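There are 2 protein chains.
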Amino acid sequence: MTLREYAAVVEEKLDELLPEADKRTPEIGEVPWLLQNAMRYSVMAGGKRLRPAMLLACADMLGAARGEAMLPACALELIHTYSLVHDDLPGMDNDTLRRGRPTNHVVFGEGQAILAGDGLLSLAMELLIENAMAHPANYAGEVLAMNEIIRGAGVSGMVAGQCMDLYCEREGAGGEALLTYIHMNKTARMLISPLRAAAALAGLAPDSEETRALTAYGVKFGLLFQAVDDILDVVGDEKTLGKSVGKDAGSGKLTYATLYGLDGARTRADRLAQEARDSLALFGDRAAFFHGLLDSMAHRVS
Amino acid sequence: MTLREYAAVVEEKLDELLPEADKRTPEIGEVPWLLQNAMRYSVMAGGKRLRPAMLLACADMLGAARGEAMLPACALELIHTYSLVHDDLPGMDNDTLRRGRPTNHVVFGEGQAILAGDGLLSLAMELLIENAMAHPANYAGEVLAMNEIIRGAGVSGMVAGQCMDLYCEREGAGGEALLTYIHMNKTARMLISPLRAAAALAGLAPDSEETRALTAYGVKFGLLFQAVDDILDVVGDEKTLGKSVGKDAGSGKLTYATLYGLDGARTRADRLAQEARDSLALFGDRAAFFHGLLDSMAHRVS
Numbered sequence: 002m003t004l005r006e007y008a009a010v011v012e013e014k015l016d017e018l019l020p021e022a023d024k025r026t027p028e029i030g031e032v033p034w035l036l037q038n039a040m041r042y043s044v045m046a047g048g049k050r051l052r053p054a055m056l057l058a059c060a061d062m063l064g065a066a067r068g069e070a071m072l073p074a075c076a077l078e079l080i081h082t083y084s085l086v087h088d089d090l091p092g093m094d095n096d097t098l099r100r101g102r103p104t105n106h107v108v109f110g111e112g113q114a115i116l117a118g119d120g121l122l123s124l125a126m127e128l129l130i131e132n133a134m135a136h137p138a139n140y141a142g143e144v145l146a147m148n149e150i151i152r153g154a155g156v157s158g159m160v161a162g163q164c165m166d167l168y169c170e171r172e173g174a175g176g177e178a179l180l181t182y183i184h185m186n187k188t189a190r191m192l193i194s195p196l197r198a199a200a201a202l203a204g205l206a207p208d209s210e211e212t213r214a215l216t217a218y219g220v221k222f223g224l225l226f227q228a229v230d231d232i233l234d235v236v237g238d239e240k241t242l243g244k245s246v247g248k249d250a251g252s253g254k255l256t257y258a259t260l261y262g263l264d265g266a267r268t269r270a271d272r273l274a275q276e277a278r279d280s281l282a283l284f285g286d287r288a289a290f291f292h293g294l295l296d297s298m299a300h301r302v303s
Numbered sequence: 002m003t004l005r006e007y008a009a010v011v012e013e014k015l016d017e018l019l020p021e022a023d024k025r026t027p028e029i030g031e032v033p034w035l036l037q038n039a040m041r042y043s044v045m046a047g048g049k050r051l052r053p054a055m056l057l058a059c060a061d062m063l064g065a066a067r068g069e070a071m072l073p074a075c076a077l078e079l080i081h082t083y084s085l086v087h088d089d090l091p092g093m094d095n096d097t098l099r100r101g102r103p104t105n106h107v108v109f110g111e112g113q114a115i116l117a118g119d120g121l122l123s124l125a126m127e128l129l130i131e132n133a134m135a136h137p138a139n140y141a142g143e144v145l146a147m148n149e150i151i152r153g154a155g156v157s158g159m160v161a162g163q164c165m166d167l168y169c170e171r172e173g174a175g176g177e178a179l180l181t182y183i184h185m186n187k188t189a190r191m192l193i194s195p196l197r198a199a200a201a202l203a204g205l206a207p208d209s210e211e212t213r214a215l216t217a218y219g220v221k222f223g224l225l226f227q228a229v230d231d232i233l234d235v236v237g238d239e240k241t242l243g244k245s246v247g248k249d250a251g252s253g254k255l256t257y258a259t260l261y262g263l264d265g266a267r268t269r270a271d272r273l274a275q276e277a278r279d280s281l282a283l284f285g286d287r288a289a290f291f292h293g294l295l296d297s298m299a300h301r302v303s
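So the protein lines, in turn, are chains V and D.
Everything in the first sequence is counted per the numbering used here, starting at 2 for the first residue and increasing by one.
Everything in the second sequence is counted per the numbering used here, starting at 2 for the first residue and increasing by one.
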């Protein structure tokens with residue numbers, strides 16, 4: 002299955018989990034219409050569904066049951082969406098548009114957008130727990146998968162990366178060690194956890210050869226993903242503004258391209274892609290989906 | 002043990018979980034100093050530690066292991082704190098003081114306060130998962146306890162109550178059904194879940210006689226807790242402003258006191274207290290802690 006095919010499956014499940022709700026006084030135990038519609042607005046706003054697709058593709062590759070992988074996959078997308086909703090808030094990036102549509106707080110107001118983000122993170126956890134309770138024969142694997150996803154998003158994962166990213170932006174702090182910390186946590190962790198969670202659901206130990214190879218792929222792919230974004234930022238700026246490229250290329254934001262210039266960033270991206278490819282050797286032809294992701298990254302910057 | 006004694010035990014554990022951190026570039030896998038200190042600031046700002054104390058007291062009453070109840074108890078306090086940090090934000094209640102100290106966003110900035118709240122909810126979940134992984138012999142009870150806590154805080158629980166509370170405040174909506182929904186979810190659910198989580202850890206089924214009795218107590222105590230708050234709001238207003246009490250008593254906020262007047266609210270509070278007391282019959286003398294909580298509520302409004 003291709004990324005697009007996995008995305009369609011995830012999209013259908015998300016739509017089922019968060020249907021459009023009519024305005025009415027909620028019953029005890031019901032999700033209120035306003036919260037549901039605010040969450041739905043941002044979840045159904047498009048996107049590649051990359052993280053859930055990676056979890057499903059990895060589960061398929063390792064022979065885990067699709068039925069057991071679907072809710073964890075959706076949980077990943079809810080967490081990714083919560084991070085975008087909170088990121089766009091006036092107190093953070095203050096963005097009014099995302100994917101061409103008004104951001105959540107523009108439509109629902111700042112207070113409801115904060116709660117929609119809180120709700121999406123909560124709902125992600127609720128889905129993970131529901132999944133564990135539905136598969137008691139695999140409690141160990143379920144709890145381990147939960148651990149990978151929640152820790153990847155948590156205080157030494159995604160939230161940690163956002164905290165340091167905001168700190169650098171506001172305080173002008175920098176340096177390569179901090180940059181690597183931010184990229185690893187803000188971006189890579191949520192691309193590693195789909196793979197490690199799928200491995201856990203498939204019954205693989207966290208230190209098994211397969212899980213280690215998948216982790217290596219996730220780290221390199223995650224850093225590559227961020228590197229490509231940063232390169233496109235600079236190339237975009239060059240094209241639109243005719244800016245010179247060098248130490249201060251891009252918007253002044255701390256990136257590898259601003260640290261080492263565009264050529265340095267491109268060399269690093271090529272190296273990361275090769276290392277990611279190498280780490281898939283163990284899986285042979287079964288890893289076609291993950292080779293495909295690397296091809297599409299190369300295509301973006303070519 | 003008294004509420005104060007349980008609170009001291011919880012306080013010590015929270016202090017250990019979130020020690021003051023020195024400013025330095027974080028290592029991969031580490032919580033960044035800034036996030037940790039922002040979370041610590043609000044967690045260690047005092048408070049009665051009512052929710053964790055209720056979980057520990059209930060675990061003691063039912064004979065669950067204290068060692069297995071401690072992290073879920075702390076998770077409850079982290080969730081309670083996250084809700085306060087986000088509630089105080091400019092986009093929500095816009096409060097600059099809580100318990101006599103500047104609120105989180107006043108000290109750390111709005112963006113970091115949003116992330117501190119996100120971090121506290123994430124960390125709560127991380128602790129619950131850590132606890133489950135540390136007690137694999139009781140996976141079923143652990144996952145069930147997790148379910149009670151996370152659902153109580155989630156999109157059909159606390160977040161739902163906050164969403165409708167904010168909606169009523171901004172849109173001027175009201176009515177008794179909506180008021181009950183808000184009180185049940187915003188306040189009562191997080192006072193029910195400590196009891197149901199403790200029962201789950203003790204190996205009791207969600208529909209056991211004990212769990213049903215504890216739930217009944219939690220519902221009545223939770224509604225009483227909110228009722229007492231609302232009565233004190235009105236009495237406070239009367240004392241300080243000499244306001245007349247009736248349909249529009251208090252600050253115009255939708256409460257039972259504004260719906261039925263102070264006498265009506267007091268009669269209702271007495272009834273809730275009696276019903277809460279009755280639901281403890283099953284536990285006899287072992288429920289002294291929970292009778293004590295009702296006594297302290299009666300004391301507040303006498």
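Glycine residues also receive a C-beta, built at the ideal position from the N, C-alpha and C atoms.
Here the structure is a predicted model, which is why all the values come from computation and not from measurement.
(message) Just to confirm the assignment, what range does the alpha helix (DSSP H) spanning K14/D have?
(response) The count along the second sequence starts at 1 and reaches residue 14/D at position 13. Here the alpha helix (DSSP H) through K14/D covers 4 to 18.
(request) Please list the segments of the alpha helix (DSSP H) lying wholly inside the region 66 to 100 of chain D, counting only runs of 4 or more residues, in order along the chain. (result) Counting only runs of 4 or more residues that sit fully inside the region 66 to 100 of chain D, the alpha helix (DSSP H) segments are 67 to 88, in chain order.
(message) Taking 8 Å as the threshold (C-beta atoms), are L215/V and L273/V in contact?
(response) Position 272 of the first sequence, counted from the start, is the residue given in the question as residue 273/V. Position 214 of the first sequence, counted from the start, is the residue given in the question as residue 215/V. Contact flag unset, no.
(request) Answer yes or no: does any C-beta atom of chain D fall closer than 8 Å to that of V11/V? (result) To locate residue 11/V, count along the first sequence from 1; it is residue 10. For V11/V, the answer is no, since every Cβ of chain D falls outside 8 Å of its Cβ.
(request) Could you tell me whether the region 130 to 150 of chain V touches the region 194 to 212 of chain V, using the rule of 3 or more Cβ pairs below 8 Å? (result) Yes, the region 130 to 150 of chain V is in contact with the region 194 to 212 of chain V.
(request) Please look up how many angstroms separate the CB atoms of L36/D and A161/V, rounded, as I've assumed it's under 8 Å. (result) One-based indexing of the second sequence puts residue 36/D at position 35. One-based indexing of the first sequence puts residue 161/V at position 160. Confirmed, about 6 Å.
(message) Less than 8 Å between C-beta atoms, sequence neighbours within five positions excluded: which residues of the same chain meet that for G173/V?
(response) For the purposes of this step, residue 173/V is taken as the residue at position 172 of the first sequence. Nothing meets the Cβ criterion.
(message) Cβ closer than 8 Å: which chain V residues qualify as neighbours of L35/D?
(response) Taking the second sequence and counting its residues from 1, one reaches residue 35/D at position 34. Result: C164, M165, Y168.
(message) What would DSSP say about R269/D, mapped onto helix, strand or coil?
(response) Taking the second sequence and counting its residues from 1, the one referred to as residue 269/D is at position 268. Secondary structure at R269/D: helix, using DSSP grouped into helix, strand and coil.
(request) Buried or exposed for E78/D, please, with buried defined as at least 16 other CB atoms from any protein chain shown within 10 angstroms of its CB. (result) On the second sequence, position 77 is the one that residue 78/D refers to. Looking at its Cβ environment, which holds 16 or more other Cβ atoms inside 10 Å, E78/D is buried.
(message) Counting only beta-carbon separations shorter than 8 Å, does A178/V have a partner in chain D?
(response) Counting from one through the first sequence, the residue named residue 178/V turns up at place 177. Chain D contact via Cβ: present.
(request) Would you mind sorting A189/D into buried or exposed? The rule is 16 or more other CB atoms within 10 Å of its CB. (result) The sequence position of residue 189/D within the second sequence is 188, counting from 1. Burial call: buried.
(message) Just to confirm the assignment, what range does the alpha helix (DSSP H) spanning V302/V have?
(response) Within the first sequence, numbered from 1, the residue matching residue 302/V stands at position 301. Here the alpha helix (DSSP H) through V302/V covers 289 to 302.
(message) Is D119/V close to chain D? Criterion is C-beta to C-beta, closer than 8 Å.
(response) By 1-based counting over the first sequence, the position of residue 119/V is 118. So, interface residue.
(message) Under 8 Å, Cβ to Cβ, is there at least one residue of chain V near I193/D?
(response) Within the second sequence, residue 193/D is the residue found at index 192, counting from 1. Closer than 8 Å: no.
(message) Quick check: L128/D and L72/D, are their CB atoms within less than 8 Å of each other?
(response) The count along the second sequence starts at 1 and reaches residue 128/D at position 127. The count along the second sequence starts at 1 and reaches residue 72/D at position 71. Yes, the pair counts as a contact, with Cβ atoms nearer than the cut-off.
(request) Kindly list, in the order they appear in chain D, the residues whose Cβ is closer than 7 Å to that of M147/V. (result) Within the first sequence, the letter at position 146 stands for residue 147/V. The answer, in chain order, is I130.
(request) Name the residue from R267/V, E276/V, C169/V, H106/V whose alpha carbon lies nearest to the alpha carbon of R301/V. (result) Here residue 301/V refers to the residue found at position 300 of the first sequence. When each option's Cα is compared against that of R301/V, the closest is R267/V.
(message) Residues of chain V with CB closer than 7 Å to the CB of M93/D, please, in chain order.
(response) Start at 1 with the first residue of the second sequence, and residue 93/D comes out as number 92. The answer, in chain order, is G112, I115.
(message) My output table needs one value for P195/D: the three-state DSSP class, helix, strand or coil.
(response) What you label residue 195/D is simply residue 194 of the second sequence in a count that begins at 1. The three-state secondary structure of P195/D, taken from DSSP, is helix.
(request) Give the DSSP bridge partners of R304/D, in chain order. (result) The question about residue 304/D has no answer, for chain D in this structure spans 2 to 303.
(request) Check whether the Cβ atoms of H106/D and L124/D lie closer than 8 Å to each other. (result) Along the second sequence, one-based indexing puts residue 106/D at 105. Along the second sequence, one-based indexing puts residue 124/D at 123. It is not a contact, given that the beta carbons lie outside the stated cut-off.
(request) Have a look at H87/V and Y83/D and give me their C-alpha separation to the nearest angstrom. (result) The sequence position of residue 87/V within the first sequence is 86, counting from 1. The sequence position of residue 83/D within the second sequence is 82, counting from 1. If you take the alpha carbons of H87/V and Y83/D, they lie about 14 Å apart.
(message) Can you confirm whether M134/V, when its beta carbon is compared against all beta carbons of chain D, has any partner nearer than 8 Å?
(response) As a first step, residue 134/V must be located in the first sequence, where it is residue number 133. Taking CB atoms only, M134/V has a neighbour in chain D less than 8 Å away.
(message) Strictly below 7 Å CB to CB, what residues from chain V border R152/D?
(response) Taking the second sequence and counting its residues from 1, one reaches residue 152/D at position 151. By Cβ distance, chain V contributes E127.
(request) Please confirm if A161/V has its CB atom under 8 Å from at least one CB of chain D. (result) Looking up residue 161/V in the first sequence gives position 160. Chain D, which has a Cβ nearer than 8 Å to the Cβ of A161/V, makes this yes.
(message) Taking the alpha-carbon of E13/D as reference, which of L283/D, E143/D, C75/D has the nearest alpha-carbon?
(response) As a first step, residue 13/D is located in the second sequence; it is residue number 12 there, counting from the start. Per the Cα distances, C75/D.
(message) I need the boundaries of the alpha helix (DSSP H) containing P53/D, first residue and last residue.
(response) Within the second sequence, numbered from 1, the residue matching residue 53/D stands at position 52. Per DSSP, P53/D belongs to the alpha helix (DSSP H) from 51 to 63.
(request) Return yes when the Cβ of V220/D is within less than 8 Å of the Cβ of L263/D, no when it is not. (result) In the second sequence, residue 263/D corresponds to position 262, counting from 1. In the second sequence, residue 220/D corresponds to position 219, counting from 1. Not in contact: L263/D and V220/D (Cβ atoms no closer than 8 Å).
(request) Pick helix, strand or coil for A173/V, following the three-state DSSP scheme. (result) Along the first sequence, read from residue 1 onward, the residue named residue 173/V stands at position 172. The sequence as given places Gly at residue 173/V; Ala does not occur at that position. Of the three classes helix, strand and coil, the one that applies to G173/V here is coil, per DSSP.
(request) Answer with yes or no whether the minimum CB distance from I305/D to chain V is below 8 Å. (result) It is not possible to answer for residue 305/D, since the shown part of chain D is limited to 2 through 303.
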